[in-house]
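Written out below as structure tokens is the structure these notes cover.
Written as structure tokens, this is what we have:
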């Protein structure tokens with residue numbers, strides 16, 4: 159159960175919110191889970207809209223351990239859960255950020271994740287999808303597996319709920 163302080167923060171989200179309306183709430187939640195007096199640091203990462211890595215959202219949070227990411231949280235507005243392409247983009251962006259964070263191989267000295275499992279969360283409002291990636295295995299797949307696109311018809315490549 160979440161603390162009253164965290165619950166109060168999420169209760170202030172307005173109707174029809176944008177991802178910006180969740181910034182304080184997510185920061186409060188992450189700062190509760192990863193307190194300032196721990197070895198973890200919660201860092202907002204702003205991606206410019208013209209960046210090749212930007213796919214229609216302004217911010218993601220990374221939880222760092224020794225200045226290296228161990229958790230990636232990408233925020234999107236709840237309205238995106240009703241749009242197939244927006245769900246796909248949210249899923250794709252978290253996956254690509256995880257791949258980029260792990261580096262080329264587990265023995266890569268430039269590997270960014272300092273722990274054996276990198277964690278990711280894609281948030282469409284308060285709907286969450288959790289991801290993991292084994293950072294020790296160069297052939298590891300991100301879990302859950304991506305849903306393949308159908309070659310000739312529209313299909314749901316990211317779940318609605």
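Numbering (my numbering), first residue to last: 159 to 319. Think of the CB as a built atom: it goes at the ideal place given N, C-alpha and C, for glycine as much as any other residue.
Between residue 289 and residue 300, the C-beta gap is smaller than 9 Å, which places the two residues in contact. In the three-state reduction of the DSSP assignment, residue 256 falls in the helix class, which pools H, G and I.
Within its own chain, the residues whose Cβ lies closer than 8 Å to the Cβ of residue 275, once the five positions on either side in sequence are excluded, are 290, 291, 292 and 293, listed in chain order. With respect to residue 217, residue 233 sits close: the two C-beta atoms are nearer than 9 Å. Residue 161 has its alpha-carbon roughly 12 Å from the corresponding atom of residue 189. When only Cα atoms are considered, residue 261 and residue 175 end up about 35 Å apart. Using a 10 angstroms sphere on the CB of residue 240, the tally of other CB atoms stays under 16, which defines it as exposed. Counting along the chain, residue 292 sits inside the beta strand (DSSP E) bounded by residues 285–292. Its Cα nearest to that of residue 254, the residue 230 stands out among 230, 236, 273 and 235. Secondary structure of residue 275 (DSSP, three-state): strand.
Close CB contacts of residue 287 within its chain, under the 6 Å cut and outside five residues either way in sequence, are with 280 (chain order).
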